[in-house]
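This report concerns only the one structure given below.
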Amino acid sequence: MMIHTEPGIIKRDGVYFCSSDSFTQDNLFYILWGAVYSLDSPYRVSRSYMDAFMLQYIVSGELNFVLRGKTFTAKANEAVLLNCREKNLYWADRQAVVKWFHFNGKNTLPLLNYIYERNGGTGLFKKNYTKKIEPYIDSILNEIHKKDSNVFSISHNIYSILCELSAPPAVLESPAEKTIREALSFIQSNYSKSISVNDIAAHVSLSTYYFTRLFSKYMHLSPHTYLLSTRLEAAKKILIYTFEDIETISLRTGFQSSSHFIRAFKKANNITPNNFRKVFYQKSID
């Protein structure tokens with residue numbers, strides 16, 4: 032049963048209907064109908080069941096939803112994906128412009144369930160998703176304006192939308208994670224120079240004490256150990272792939288002297304740099 036109160040529709044482009052033959056219905060995603068509505072209160076749709084699915088894209092304003100047991104508001108540049116076989120309700124409290132279409136296809140339901148599972152279950156998608164899917168929405172609405180719409184193009188665009196929406200939501204980076212990322216980038220770019228933990232802490236605008244604690248918490252090793260490890264890994268590559276002398280390698284990888292480099296290398300690898308090189312040089316001969 033569907034109760035659709037026409038009041039609240041200020042202007043509309045459509046509804047445009049798109050008929051589909053048996054091949055399309057059996058093998059493709061396809062559109063039933065779609066439109067662009069300009070809305071205001073008291074626009075309201077309450078639905079208990081429809082054998083279809085629906086995508087709504089909020090161009091401006093906002094639309095309120097009760098969907099999958101949750102109440103939420105979709106704002107400008109957000110989208111809502113509905114399984115119309117489930118009870119749903121949506122309405123406008125103020126002016127809004129909405130692009131929408133109903134669609135179907137044999138593989139839609141499992142895809143929709145997967146999308147809901149990956150994205151919190153409400154069907155609401157923020158701007159990071161909609162900026163990718165809006166061109167597909169526009170292409171679909173343009174296509175159904177035509178007398179002979181291209182069912183393969185429509186199917187492709189619906190599938191592209193569902194693929195984009197199936198991506199997991201972006202994980203926001205915390206301030207601490209951003210600090211660690213910036214520190215790691217600084218180390219990778221500057222390990223060959225005579226930098227210390229103090230320099231890294233200064234780069235991320237933290238005290239050495241606080242930075243060391245934060246780095247150790249996230250990386251499970253101290254910044255000094257990470258810096259040393261980065262230098263030693265770089266030195267291994269130079270030892271293997273070049274014939275540069277130990278003094279040059281120590282300078283290229285940020286060590287204060289060749290003796291310091293040799294001691295650190297042997298402590299970490301239980302072998303001197305020269306013997307490490309001989310092992311790999313012998314393997315290359317063999």
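Numbering (this note's numbering), first residue to last: 32 to 317.
Cβ coordinates follow ideal geometry from the N, Cα and C atoms, glycine included.
Alpha-carbon spacing of residue i relative to residue j, whole angstroms
i: residue 60; j: residue 50; result: 12 Å
i: residue 299; j: residue 307; result: 12 Å
i: residue 197; j: residue 191; result: 10 Å
i: residue 290; j: residue 215; result: 26 Å
i: residue 139; j: residue 255; result: 53 Å
i: residue 228; j: residue 205; result: 22 Å
i: residue 39; j: residue 101; result: 23 Å
i: residue 146; j: residue 209; result: 29 Å
i: residue 232; j: residue 156; result: 38 Å
i: residue 222; j: residue 235; result: 16 Å
i: residue 152; j: residue 271; result: 52 Å
i: residue 305; j: residue 225; result: 23 Å
i: residue 144; j: residue 80; result: 17 Å
i: residue 148; j: residue 182; result: 29 Å
i: residue 195; j: residue 104; result: 21 Å
i: residue 74; j: residue 123; result: 5 Å
i: residue 35; j: residue 115; result: Note that residue 35 scores a pLDDT of 46, beneath 50, so its modelled location is shaky; the value from the coordinates is reported in the next line. In a straight line, the C-alpha of residue 35 is about 14 Å away from that of residue 115.
i: residue 238; j: residue 264; result: 27 Å
i: residue 311; j: residue 273; result: 11 Å
Beta-carbon gap between residue i and residue j smaller than 8 Å
i: residue 54; j: residue 134; result: no
i: residue 109; j: residue 177; result: no
i: residue 269; j: residue 278; result: no
i: residue 257; j: residue 250; result: yes
i: residue 66; j: residue 94; result: no
i: residue 90; j: residue 129; result: yes
i: residue 203; j: residue 132; result: no
i: residue 62; j: residue 185; result: yes
Given residue i as reference, the closest of the options once Cα atoms are compared
i: residue 164; options: 180, 181 and 193; result: 193
i: residue 187; options: 171, 202 and 65; result: 171
i: residue 260; options: 289, 41 and 218; result: 218
Residues of its chain near residue i, where Cβ-Cβ distance is below 6 Å and the 5 sequence neighbours each way are ignored
i: residue 252; result: none
i: residue 119; result: 78, 98 and 113
i: residue 246; result: 254
Cβ distance (whole Å) where residue i is taken to contact residue j below 8 Å
i: residue 111; j: residue 96; result: 6 Å
i: residue 262; j: residue 243; result: Between residue 243 and residue 262 the Cβ distance is about 18 Å, and since that is not below 8 Å, they are no contact.
Cβ-based neighbour list, residue i, same chain, cut-off 8 Å, excluding 5 preceding and 5 following
i: residue 303; result: 293, 296 and 297
i: residue 161; result: 88, 108, 109 and 110
i: residue 57; result: 137
i: residue 125; result: 71, 72, 92 and 93
Residues of its chain near residue i, where Cβ-Cβ distance is below 7 Å and the 5 sequence neighbours each way are ignored
i: residue 180; result: 49 and 174
i: residue 42; result: 69
i: residue 117; result: 99
i: residue 154; result: 98, 99, 111, 112, 113 and 147
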